[in-house]
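A.B. asks: Questions regarding the structure given below will be posed in turn.
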Amino acid sequence: MPQVGSELLQQFCSLLTGRHSNQQQAFENPPFFAHIILKYRALPHFSTPTLLLEQGYAVDPNQPYRVRILRPTLHGETTSIRVINFRLKEPQRFQGASEVRAVRNAIAETALDALEGCAYDVTPSGPSTFVGATEPGCRCIVHRNGVDTYLKSHFQLSPEGMTTLDRGYDLTTHQRIWGSVAGDFHFHREEDWSEEIPPQWWA
Ligand code: CYC
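The structure is reproduced here in structure tokens:
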């Protein structure tokens, strides 16, 4: 019998892993969209699905400004996915991880710090597409521009790439403090790194 849940996780990880760029959008609408690169890369030394994310400006590819570890897990009836988000306790120790395998391999479970309230709930929306949003509760607190905000975010994933919208809101006034004022970011997957996903994740 095929394991439906693990196939769902596998498909999600396969679509996500790679190098995604919003170059076209940044080129067409430069005042509103910086050119950003998202790199999602399997960390095959973990026994459960675990991905490195580096987010950076295309003009400064070796200095990502946001580095996270994402762990997609089966959720509920195993027909949906919950992505646990982690930060690195000492990000400076792992500079260049997305490009250097030895640096990636040094990322151990003890190096991770779970971001409370910042899990992402993802469900399939078609044969090979997914939609997701931050978990309910407005508990994903992000300190930014000197203000405490909560994150509200949604995204869509398809074989072509992904669209995302991350915005932070003031805890008391609920006004938007940061994030796109011009709608979703549109990323195309320019490199597919799904072959780096180890088969033992699905065994
Ligand atoms: C934050 N983006 C976040 C957070 C989540 C996500 C959960 C809050 C936790 C954190 O601090 O990292 C998004 N997590 C996701 C998504 C998935 C997931 C989409 C599904 C795979 O598991 N984000 C973008 C844009 C860009 C952006 C390209 C422009 C708005 O996708 C920015 N995201 C962004 C920023 C933060 C954030 C600036 C706040 C964290 C910080 O300031 O470092």
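Following the working numbering, the residues of the sequence shown are numbered contiguously, the last one being 548.
Cβ coordinates follow ideal geometry from the N, Cα and C atoms, glycine included.
As the structure is a prediction and not an experimental result, all values here were calculated from the model.
1. Out of Leu396, Ala527, Ile426, state which residue places its alpha-carbon closest to the alpha-carbon of Asn556.
2. Tell me whether Gln408 is buried or exposed, calling it buried when 16 or more other Cβ atoms sit within 10 Å of its Cβ.
3. In whole angstroms, give me the CA-to-CA distance for Pro436 and Val412.
4. Can you tell which of Ser503, Thr517, Asp529, Glu461 has its C-alpha closest to the C-alpha of Ser359?
5. Only counting the same chain, and skipping five residues up and downstream in sequence, which positions put a Cβ closer than 6 Å to that of Ile542?
6. Decide if the region 389-397 is in contact with the region 448-465; the criterion is three or more beta carbon pairs, one per stretch, under 8 Å apart.
7. Would DSSP call Pro543 helix, strand or coil?
8. Between Ser470 and Phe500, what straight-line distance do the alpha-carbon atoms span, to the nearest angstrom?
9. Could you tell me the alpha carbon to alpha carbon distance between Trp547 and Tyr385, rounded to whole angstroms?
10. Check whether the region 425-440 touches the region 460-467, taking contact to mean three or more Cβ pairs, one atom from each stretch, closer than 8 Å.
11. Pull the bridge partners of Leu502 from the DSSP assignment, please.
12. Pull up the distance between the alpha-carbon of Ser443 and that of Lys497, whole angstroms please.
13. Distance check for Phe377 and Glu417, CA to CA, integer angstroms please.
14. Per DSSP, which residues does Lys384 bridge with? Please list them.
15. On a CA-only basis, which of Pro544, His533, Gln545 is nearest Gly363? Give me that one, please.
16. Closest to Phe514 by CA distance: which of Thr508, Asn490, Leu460 is it?
17. Helix, strand or coil for Arg449? Go by DSSP, reduced to three states.
18. Rounded to whole angstroms, what is the Cα-Cα separation between Tyr402 and Gln368?
C.D. replies: From the atom records:
1. The question about residue 556 has no answer, for the chain in this structure spans 346 to 548.
2. For the purposes of this step, residue 408 is taken as residue 63 along the sequence shown, with counting starting at 1. Exposed, since its Cβ has fewer than 16 Cβ neighbours within 10 Å.
3. Within the sequence shown, the letter at position 91 stands for residue 436. Within the sequence shown, the letter at position 67 stands for residue 412. It is roughly 7 Å from the alpha-carbon of Pro436 to the alpha-carbon of Val412.
4. Taking the sequence shown and counting its residues from 1, the one referred to as residue 359 is at position 14. Of the listed residues, the one whose Cα sits closest to Ser359 is Ser503.
5. Within the sequence shown, residue 542 is the residue found at index 197, counting from 1. Hits under 6 Å: Cys358, Ala387.
6. In short, these stretches touch, since the Cβ pair count reaches three.
7. Here residue 543 is taken as the residue at index 198 of the sequence shown, counted from 1. Looking at Pro543 - three-state DSSP - the assignment turns out to be coil, as it is neither helix nor strand.
8. Here the question's residue 470 lines up with position 125 in the sequence shown. Here the question's residue 500 lines up with position 155 in the sequence shown. A straight line joining the alpha-carbon of Ser470 with that of Phe500 spans about 12 Å.
9. Here the question's residue 547 lines up with position 202 in the sequence shown. Here the question's residue 385 lines up with position 40 in the sequence shown. Near 19 Å, if we compare the C-alpha coordinates of Tyr385 and Trp547.
10. Proximity of the region 425-440 to the region 460-467 meets the contact definition, three or more beta-carbon pairs being nearer than 8 Å.
11. In the sequence shown, residue 502 corresponds to position 157, counting from 1. According to DSSP, which records beta bridges pairwise, Leu502 is partnered with Phe475, Met507.
12. As a working note, residue 443 is residue 98 in the sequence shown. As a working note, residue 497 is residue 152 in the sequence shown. Going by the C-alpha atoms only, they are around 26 Å apart.
13. As a working note, residue 417 is residue 72 in the sequence shown. As a working note, residue 377 is residue 32 in the sequence shown. According to the sequence provided, residue 417 is Pro. The question's Glu does not apply to it. When rounded, the distance between both Cα atoms is 31 Å.
14. Within the sequence shown, the letter at position 39 stands for residue 384. Lys384 is bridged to Arg364, Glu399.
15. Taking the sequence shown and counting its residues from 1, the one referred to as residue 363 is at position 18. Minimum Cα-Cα distance from Gly363 among the listed residues Pro544, His533, Gln545 corresponds to His533.
16. By one-based count along the sequence shown, residue 514 stands at place 169. The question names Phe, but residue 514 in the sequence shown is Tyr. The shortest C-alpha separation from Tyr514 is found at Asn490.
17. Here residue 449 corresponds to residue number 104 of the sequence shown, with the count starting at 1. Helix at Arg449.
18. Counting from 1 along the sequence shown, the entry for residue 402 is found at position 57. Counting from 1 along the sequence shown, the entry for residue 368 is found at position 23. Approximately 11 Å, taken between the alpha carbons.
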